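Q: One structure, as structure tokens, below. Some questions next.
Residue numbers (the working numbering): -10 to 547.
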């Protein structure tokens, strides 16, 4: 019988209708010029997708393929292959069964790579097709978060000899700089909002706050603690010799073509200085009201409230609930050349075009109250005060609103109605609160379910009853967090706001004049204004598959 000649991969792609002969010729020409695999060339040219190439190559070579996006690599084999060899041949260890090691590769016919891996591991190598982009990302996740740190520590020990790592000694300083830079880079890549360096008795714990939750990242030897913290204090222009009192500082770093502002705080503890860094990305200041996660009705209501030429608009909620972001989004909405907008903040986190911004400085006599008085002499149209903390600031803010200014600020209360009674508790007369306040926004941040791994389920009758949804007319579908590689097994990726917005209408003003309780005001706002509570807005997002029941229950109360 005549032997049938097996088709080449390019011909296979043509037969599948994925590319034309001319496109194959262009891909081969690029391959000859760059030396990259044909698959990479065709993907870069946009003629096939990673998945299409994997499927065709798998069929051609009779080798299984795997997408790494949702695959969790077995930690037992993650470091069987050295970083140097893995990056050289662009392979990723996947799993091991007895003496067979399965590795992900975009070039399974690379005999040299298979031989090198066999020699280093003393295992039989089984290649599995993976997309090159996913392999590169996985390499960064595995070696960038562990082996790279180990390498930096090894360099540090080799450079310093005794591991003490004194600052300013040139060669011995460089590894510590690399370690600190690695800490910053990983935080940026993981979208962390804060970096925590927590000294403990025998080590230095490094944690990141991601989507509002602290996650353990590394634990470093105790003898590196002083050098790492000193390096950060130097960058923040803080006194490295002073370890007995709290200090604050800040610095900027360019990361991925973006200038990130780091705010640094140190606090003496039993086991050394505890350092927390807040990462501020100027790109986040460009957020609009639409970006906040408001429903159409709530977005329109907020636009209506801030469109008032005068009055007070307060944003309430605990620390870390996104109040400042809402204020900046409102200022972006109102910002025009024809308006004079001035702020006093603690401190100025982001610089906004056309807006005059000033920092609170109590040591120089610049408090929120005194700063607000000075701002009112600057002929402002709109004023933003970082926070109403005391009766004096509240009184000046009310006076500003009554004299024709729109005042935006924040207040630490649990809900909208509580903000009104809080102003009265601060010493502001009820009739002044009633006549000056335009609206209150209460908010929280909930984690968004990961779109790659969330799973639907039908809630039980008991669960619906607990949530106050027992009278629904149709079957409702909720989603569970599951966890995958994309979300670091948390089941969540990113955050979104849930809101309660109260427009201060005539019925609400009458209740304020009567010194009504917050509960009474809230019930009237819900009945007559149709106000949606925080929990109900959160449940809307649960029904829409944006977040989970657990998240809403975590940040709200009935």
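All C-beta atoms, glycine included, are put in the ideal place defined by N, C-alpha and C.
A quick note: this is a predicted structure, and the numbers were derived from the prediction, not measured.
Can you give the Cα-Cα distance for residue 358 and residue 335, rounded to whole angstroms?
A: By one-based count along the chain shown, residue 358 stands at place 369. By one-based count along the chain shown, residue 335 stands at place 346. Spanning the two alpha carbons is a distance of roughly 13 Å.
Q: Which whole-angstrom value is the C-beta distance of residue 71 and residue 126, which I expect to be below 8 Å?
A: Position 82 of the chain shown, counted from the start, is the residue given in the question as residue 71. Position 137 of the chain shown, counted from the start, is the residue given in the question as residue 126. Their Cβ separation, rounded to whole angstroms, is 19 Å, which puts residue 71 and residue 126 out of contact at 8 Å.
Q: Please determine if the segment 529 to 538 and the segment 461 to 476 are in contact, where contact requires at least 3 C-beta pairs separated by less than 8 Å.
A: The segment 529 to 538, when compared against the segment 461 to 476, does touch it at the 8 Å Cβ threshold.
Q: If you check the beta carbons only, do residue 91 and residue 117 fall under 8 Å apart?
A: Your numbering for residue 91 matches position 102 in the chain shown. Your numbering for residue 117 matches position 128 in the chain shown. Yes, the pair counts as a contact, with Cβ atoms nearer than the cut-off.
Q: How many Å lie between residue 487 and residue 316 at the Cα?
A: By 1-based counting over the chain shown, the position of residue 487 is 498. By 1-based counting over the chain shown, the position of residue 316 is 327. Approximately 15 Å, taken between the alpha carbons.
Q: When you compare the CB positions of residue 266 and residue 368, do they come within less than 8 Å of one another, or not?
A: Walking along the chain shown from the start, residue 266 turns up at place 277. Walking along the chain shown from the start, residue 368 turns up at place 379. Going by C-beta atoms, residue 266 is not nearer than 8 Å to residue 368.
Q: Going along the chain, which unbroken runs of the alpha helix (DSSP H) with 4 or more residues stay wholly within the segment 197 to 241?
A: Complete alpha helix (DSSP H) runs here, min 4: 214 to 224.
Q: Let's see if you can read the secondary structure: which residues bound the alpha helix (DSSP H) around residue 84?
A: Translated into the one-based positions of the chain shown, residue 84 becomes position 95. From DSSP, residue 84 is part of no alpha helix (DSSP H) but of the beta strand (DSSP E) over 80 to 86.
Q: Mark residue 456 as exposed unless 16 or more other C-beta atoms lie within 10 angstroms of its C-beta, in which case mark it buried.
A: Position 467 of the chain shown, counting from 1, holds the residue named residue 456. It is buried - the Cβ of residue 456 has at least 16 other Cβ atoms within 10 Å.
Q: Taking only runs that begin and end inside the segment 395 to 436, name each unbroken alpha helix (DSSP H) of 4 or more residues, in chain order.
A: You should have 405 to 414, 419 to 425.
Q: For the beta strand (DSSP E) containing residue 187, name the first residue and the last one.
A: Looking up residue 187 in the chain shown gives position 198. Start and end: 181 to 188.
Q: For a test of the three-state rule: what should DSSP assign to residue 526, helix, strand or coil?
A: For the purposes of this step, residue 526 is identified with residue 537 of the chain shown, where counting begins at 1. Here residue 526 sits in helix by DSSP.
Q: Could you round the C-beta distance between residue 261 and residue 188 to whole angstroms and report it? I think they count as a contact, below 8 Å.
A: As a working mapping, residue 261 is identified with position 272 in the chain shown. As a working mapping, residue 188 is identified with position 199 in the chain shown. Going by Cβ atoms, the distance from residue 261 to residue 188 rounds to 4 Å, so yes, they are a contact pair.
Q: Comparing C-alpha positions only, which one of 345, 226, 360 sits nearest to residue 352?
A: Here the question's residue 352 lines up with position 363 in the chain shown. Residue 352 has its Cα closest to that of 360, out of 345, 226, 360.
Q: How is residue 325 classed by DSSP in three states: helix, strand or coil?
A: Within the chain shown, residue 325 is the residue found at index 336, counting from 1. Of the three classes helix, strand and coil, the one that applies to residue 325 here is coil, per DSSP.
Q: For residue 248, is the classification buried or exposed, using 16 other Cβ atoms within 10 angstroms of its Cβ as the cut-off for buried?
A: As a working note, residue 248 is residue 259 in the chain shown. Per the 10 Å Cβ criterion, exposed.
Q: Per DSSP, what kind of secondary structure is residue 93 in: helix, strand or coil?
A: By 1-based counting over the chain shown, the position of residue 93 is 104. Correct three-state label for residue 93: strand.
Q: Helix, strand or coil for residue 174? Go by DSSP, reduced to three states.
A: The residue given as residue 174 occupies position 185 in the chain shown. Residue state, collapsed to three classes: helix.
Q: Would you call the CB atoms of residue 544 and residue 435 closer than 8 Å?
A: Along the chain shown, one-based indexing puts residue 544 at 555. Along the chain shown, one-based indexing puts residue 435 at 446. Yes; because the gap between Cβ atoms is below 8 Å, this pair is in contact.
Q: Buried or exposed: which applies to residue 197, given that a residue is buried once 16 or more other Cβ atoms fall within 10 Å of its Cβ?
A: Stepping through the chain shown from its first residue, residue 197 is reached at position 208. Buried: at least 16 other Cβ atoms inside 10 Å.
Q: Whole angstroms is fine: what's the gap from residue 4's alpha carbon to residue 322's?
A: Position 15 of the chain shown, counting from 1, holds the residue named residue 4. Position 333 of the chain shown, counting from 1, holds the residue named residue 322. Roughly 54 Å between the two C-alpha positions.
Q: My understanding is that residue 165 touches residue 220, with C-beta atoms under 8 Å, so please give their C-beta distance in whole angstroms.
A: Walking along the chain shown from the start, residue 165 turns up at place 176. Walking along the chain shown from the start, residue 220 turns up at place 231. At roughly 5 Å, the Cβ-Cβ gap stays under 8 Å, so residue 165 and residue 220 are in contact.
Q: Decide yes or no for the touch test of the segment 421 to 437 against the segment 478 to 493: beta carbon pairs closer than 8 Å, at least 3 of them.
A: Yes, the segment 421 to 437 touches the segment 478 to 493.
Q: Quick check on DSSP: helix, strand or coil for residue 382?
A: Residue mapping note: residue 382 aligns to position 393 of the chain shown, counting from 1. Three-state result, residue 382: helix.
Q: Over what stretch of residues does the beta strand (DSSP E) that includes residue 255 continue unbroken?
A: Indexing the chain shown from 1 puts residue 255 at position 266. Segment 247 to 258, the beta strand (DSSP E) holding residue 255.
Q: Look at the alpha carbon of residue 302 and the alpha carbon of residue 465, and state the distance between them as a whole number of angstroms.
A: Counting from one through the chain shown, the residue named residue 302 turns up at place 313. Counting from one through the chain shown, the residue named residue 465 turns up at place 476. Cα to Cα, the separation comes out at about 36 Å.
Q: According to DSSP, simplified to helix, strand and coil, what is residue 506?
A: Counting from one through the chain shown, the residue named residue 506 turns up at place 517. Coil, per DSSP.
Q: Helix, strand or coil: which one does DSSP assign to residue 74?
A: Position 85 of the chain shown, counted from the start, is the residue given in the question as residue 74. In the structure shown, residue 74 sits in a helix (DSSP, three-state: H, G or I).
Q: Which partner residues of residue 467 appear in the DSSP bridge assignment?
A: Against the chain shown, residue 467 aligns to sequence position 478. Looking at the DSSP assignment, residue 467 forms a beta bridge with 446.
Q: What does the alpha-carbon distance come out to for the pair residue 307 and residue 235?
A: Position 318 of the chain shown, counted from the start, is the residue given in the question as residue 307. Position 246 of the chain shown, counted from the start, is the residue given in the question as residue 235. Computed Cα separation, rounded: 23 Å.
Q: Buried or exposed for residue 6, please, with buried defined as at least 16 other CB atoms from any protein chain shown within 10 angstroms of its CB.
A: Numbered from its first residue, the chain shown carries residue 6 at position 17. Looking at its Cβ environment, which holds fewer than 16 other Cβ atoms inside 10 Å, residue 6 is exposed.
Q: In angstroms, rounded to a whole number, what distance separates the CA positions of residue 328 and residue 388?
A: Along the chain shown, one-based indexing puts residue 328 at 339. Along the chain shown, one-based indexing puts residue 388 at 399. Spanning the two alpha carbons is a distance of roughly 20 Å.
Q: May I have a chain-ordered list of the beta strand (DSSP E) segments no shorter than 3 residues that lie completely inside the segment 5 to 63?
A: Fully enclosed beta strand (DSSP E) runs of 3 or longer: not present.
Q: Find the nearest neighbour of residue 391 within the set 123, 476, 421, judged by alpha-carbon distance.
A: Sequence index remark: in the chain shown, residue 391 carries index 402 (1-based). Residue 421 is the option with its Cα nearest to residue 391.
Q: Counting beta carbon pairs with one atom in the segment 222 to 232 and one in the segment 198 to 205, are three or more of them shorter than 8 Å?
A: As far as the Cβ criterion goes, the segment 198 to 205 does not touch the segment 222 to 232, which means the pair count is below three.
Q: Using a 10 Å radius around the Cβ and a threshold of 16 neighbouring Cβ atoms, would you call residue 326 buried or exposed?
A: The residue labelled residue 326 in the question sits at position 337 within the chain shown. Classification for residue 326: exposed.
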